[in-house]
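Okay, structure first, notes after.
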Amino acid sequence: MRLLNVSTLQFREFHRDTPRYIAASHRWKAGMEAMIGDIQNRSNVDKSGFQKVEGFAKYVRENFKDVEWLWIDTCCINQDSSQEVNEAVNSMFSWYANAYVCLAYLTDVFDSKEKHELDASEWFRRGWTLQELLAPQIVVFLSRDWRVIGHKASRGWTSSTFGVEVDAGPSLVSAIASITRVPESVLCDFEQSKRYTVEERLAWSAGRETTKREDVYYSLLGMFGVRMSLDYGEGTDEARRRLLGKIAKSDQQPDRAVWTATVRTQASRPIVGVEARPMVKQAWLLPRPANPQYSGYSHVLEYLKSRILSNADESCNRKQLNMVLSGMGGVGKSETILQFVDRNRTLLRERLYAALWVDCDSETAVRADLRRISRLYDWSFGDDAIFDGVKDRLVVLTTRLSNAKKYASPDPQDVGKKLFLRLGGLDHDAAVDLLMELSETQDRDHDSFEKGKDFYSLQEYANALDTRLAQAELLDTGSEQARYKKVSATFEVSGEALARLGSTDPSAHDALALLDILAFMHHQDVHEEIFVRAWSYEDVVLSWGEDDEEAELDIRDLSPWHVAQCRRFLHSRPLEERMHAFRKARAHLDRLSLVNVDPATKSISLHSLVYAWARARLQRPGEAWASAASILALSTEGRNDWQPFLDRLIRHLETNFKLASGPRNGAIFSPQRELCRIWHRFAWQMYRASSIETTVLCERLVERTKDCCGKSSTEVGLFDTQHILGIVYLDSGQVEEAVEQLEHVVQMRESLAEGDPDRLASQQGLARAYMYHRNEQIAQATELLEHVVKAQDKWLAVDHPDRFSSQHELARAYLTCGQTKPAIELLEHVVSVREKSLLEDHPYRLGSQHMLARAYLDDGQLGLSTELLEHVVRVREKSLLEDHPARLVSQHVLADVYWEDGQDQRALDLIQHVVAVWQTKQSELQVDRPGQIRSERFLARMLEELAVSDAAQDPVDSSSADHDPEEQA
């Protein structure tokens, strides 16, 4: 173990008799940390990482007189030695556990007394800091200016435990438990973690991020007490598999047999499970902790307990029960379910296996939650198959629909009745108790949040609410709409309180501005990362300047106008100050219960009633929309992330686009060129995410680009927009429209230089369209692609991604023409490069692997084709929805391989599944896709051949009969 002397900043290695030392915990900053050579040679002393090491050393010297040594991972480990890194990662948990004290330095906490800053610190969202929190006996948290925030300590520890007084500040155990969802008992005694299942312990790391993807699982080795060699490059799936294998051998796996599922819906249709293959991993995924101030509905909680827990032992005799809780928005349906799970957690974990929460507010929300479940627990999924193989399941639906009783199952304990409850609100006594309890809680927390700035006394609040309710009484008090209006009166009171406080406290004004922004994003999971990315890109946009007339007309790039709209919320200031102001604004909204802040991810969610009110209250909705849209557009700039940021972003892009055409938002369309620039950014991101809104967005974008560009700038912005629309048409099966758009773009771009990226991109897109258009145009497609590849060889760098994309498409054309050998040669090269440079689930990498497998099939190499396709299908089943075209195409070709290999039944089962999914998707979209037609033809031919007994038939050659509609690579 290598330690650093805090007085001399000299290293010394200890193999035994390790002296007393302090362990440092912090967040790494890429390119700014001081490595071992920097400390030894006193180089790069101006780096923030070097200054951080000096800060730790100074703090130890001044506060721990009897400690001479410091351990910090940046420089006490030789990062250039893979052997040393491997040993350090496997030993790190014990090094933190044996430390005299661990100092956690939180650079994003400016004020040590601001609780909301601690809650929002990135330290609690990093993967490695979990073991740095759990292992040490005592962790002292320090703010940016090295002031004590507080501590986490083992039971029995006091500030004089070490024989001298240690300034550790107040205990933060309760606050940290709320932030991290790690039980207080575990924070105070790590041995208590053994009482929790493997999946419960894995859940403590959910939402945490690491720079290297494999570290998500390498950072958990010490927590589970296992050792494992490191293999950076193996990917997260393999790292997880090996970790779980080590854990299994250490006999830490839980034993569960019965399952349940908790589902939330505001839509008109329930989510149900269907039969499929069995699950093997425990899952317990809820949206947030239960609210400790919950009151009332005791009869509902008893009803849930009697119907759910009493039948658990007999659950194997039933397939699925649907229970429905109905009631107006805000009445407490969702919170009641969370309370039931929280209050019966022990019994539920003993008798049941999984609790999953799916937001069915929209198709986008469903897809996002299913994708999250799939990634966390390695389950494949589809819209109607999330509970694949679960023989016993209970689906609890919460809905506003008054006629939702029809979805409920018969009550097994009460013949003639259904599992249905209508929640009508709290009774008078429960409502008074709740209000009084909240008032007392506010008084208790008052000093720790905004000293001297109470919004209202209880009497003042009552008076203000009476005024608002009197206005609501002007409506028909017997209608449900009037009840909603009364509920929104409570939001108005909170908004007025913030406005009043804003005259003396700018952060309250920022809170109202943040609420305006949130009104034009999706109401669930607004991540701070969206704002940080946008702010980080502002200076880049401003550096482009406005002198270039062509650049001013080009809609492909954002402009200073978008930066100005972004800065309407939190005016220009250093990034860390804006983050600090953002978190204070978020804390105001959270305190008034206008938003919910997820304790783990710090993402913001609004109740649907608050969400509707936030938009209805706006005096200038156009300005708020423009600010929200500009923030979203700026957050996409300079990024090529497919996952996970795009998953978090896509629903906000869709929502913002839909709200742009609302009747009250006409002002947002001026200036139109800036709107087109925003939508251009949205279009590419939504296309990459296979959003169902992409076609409509692109059609509107083309119309508005024509309006705002005119004839003077047709080659700058309009053609790029038409190019996007052509690609979207092609991928949605509208081939004629795609060819028309792309031929026009190619013709207009002929004036550009031969190696111009825009010209080559449009030629490649047109070649793809030709391959799907008519058989006689295959030769045109091949010729065009050969030209593109030749030009890119001349003008682009050897490792430029566009070269591999064109080579992939050329190989596809060769396959279609029957030129298998040159196709295989090209694809093996592309696959080799992409396997080294792209993540396992990246669409480009999977697309090339898929195409190579198809080439192997055409060449008769069934073994290689089967192995590669089964890998592609396995990855896509985990990362894509059941009806995603790329997933279906891979399954189709795998069925083709099975058929050629004589595995008739496997081929038939798989292609029947593919056709069924295609047909379901066709009924929703009202359009036949090329992939659907191809799969239906293959199935028909297969059934025809199987029906003919003892007759010699030629093998079905579906791979050459039609063209493979694989995704754009």
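Each step along the sequence shown adds one to the number in my numbering, with nothing skipped, and position 355 is 1391. For glycine and all other residues, C-beta sits at the position ideal for the given N, C-alpha and C. Source: prediction; values computed, not measured.
Excluding the 5 residues preceding and the 5 following Leu1944 in the sequence, name in chain order all residues of the same chain whose CB lies nearer than 7 angstroms to its CB. Met1978
In whole angstroms, what separates the C-alpha of Arg1276 from that of Ala1239? 13 angstroms
Give the DSSP-derived three-state secondary structure of Ile1640 in the structure shown. strand
Exposed or buried, which one is Asp1590 when buried takes at least 16 other CB atoms within 10 Å? buried
Looking at C-beta atoms only, is the number of pairs between the region 1226 to 1236 and the region 1648 to 1663 that lie closer than 8 angstroms three or more? no
Just to check my reading of the structure: Asp1447 and Leu1437 have Cβ atoms closer than 8 angstroms, yes? What is that Cβ distance to the nearest angstrom? The Cβ separation is near 19 angstroms, so there is no contact.
Status (buried if at least 16 other CB within 10 Å, exposed otherwise) for Gln1076: exposed
For Pro1055, which residues of its own chain have a beta-carbon under 8 angstroms away from its beta-carbon, when the five flanking residues on both sides are left out? Leu1039, Glu1104 and Trp1105
Contained alpha helix (DSSP H) runs [length at least 4] in the region 1216 to 1263, N- to C-terminal order: 1220 to 1224, 1234 to 1239, 1251 to 1254 and 1257 to 1260
Phe1618 - DSSP class collapsed to helix/strand/coil: helix
When you compare the CB positions of Glu1876 and Asp1273, do they come within less than 8 angstroms of one another, or not? yes
Other residues of its chain near Ala1066: CB distance less than 6 angstroms, five sequence neighbours each side excluded: none
Going by beta-carbon coordinates alone, are Ala1189 and Leu1154 separated by less than 8 angstroms? no
Apart from the five residues on each side of it in sequence, which residues of its chain come closer than 6 angstroms, Cβ to Cβ, to Ser1043? none
Name, in chain order, the residues that DSSP records as bridge partners for Arg1061. In the sequence under discussion, the amino acid at residue 1061 is Ser, which differs from the Arg named in the question. Paired residues: Ala1140.
Hey, could you find the ends of the beta strand (DSSP E) Val1176 is sitting in? Ile1174 to Leu1178
Return the CA-CA distance between Leu1898 and His1886, expressed in angstroms with no decimal places. 14 angstroms
C-beta contact flag for Cys979 and Met1068 at 8 angstroms: The question about residue 979 has no answer, for the chain in this structure spans 1037 to 2005.
Among the residues of its own chain, which have a CB less than 8 angstroms from the CB of Asp1053, if the five just before and after it don't count? none
Taking one C-beta from the region 1169 to 1185 and one from the region 1126 to 1144 each time, how about it: are there three or more such pairs within less than 8 angstroms? yes
In whole angstroms, what separates the C-alpha of Gln990 from that of Tyr1330? Given that the chain is displayed from residue 1037 to residue 2005, the structure contains no residue 990 and the question cannot be resolved.
Going by alpha carbons, who is nearest to Lys1248 out of Asp1267, Gly1261 and Met1259? Asp1267
For Glu1981, the nearest candidate out of Gly1938, Val1950, Thr1434 and Gly1269 (CA to CA): Gly1938
Cβ shell of Phe1485 (< 6 angstroms), same chain only, five flanking positions each side left out: Only weak support is given to the placement of Phe1485: the predicted model assigns it a pLDDT of 37, under 50, and the question is left unresolved by the model.
From Gln1813 to Glu1779, what does the alpha carbon distance come to, in whole angstroms? 13 angstroms
Host alpha helix (DSSP H) of Arg1429 (start-end): Run containing Arg1429: none in the alpha helix (DSSP H); it sits in the beta strand (DSSP E), Arg1429 to Thr1435.
Using three-state DSSP, classify Pro1448 as helix, strand or coil. coil
When DSSP labels each residue in this structure, what does Val1394 get in the three-state scheme? coil
Backbone CA spacing between Asn1358 and Val1451 [nearest angstrom]: 16 angstroms
What's the call for Glu1168, buried or exposed, on a 16-neighbour Cβ count within 10 Å? buried
Option nearest Arg1785 by Cα separation, candidates Ser1639, Leu1796 and Leu1821: Leu1796
Would you mind sorting Glu1311 into buried or exposed? The rule is 16 or more other CB atoms within 10 Å of its CB. Reliability fails at Glu1311, whose pLDDT of 27 lies under 50, so the model's placement of it is uncertain and the value that follows must be treated cautiously. So Glu1311 counts as exposed.
Gly1883 (DSSP reduced to helix, strand or coil): helix
Using 8 angstroms as the threshold, is the C-beta distance between Ser1901 and Arg1912 below it? no
Taking the continuous alpha helix (DSSP H) assigned at Met1722, which residues delimit it? Gln1708 to Arg1724
Would Arg1458 be called buried (16 or more neighbouring beta carbons within 10 Å of its own) or exposed? exposed
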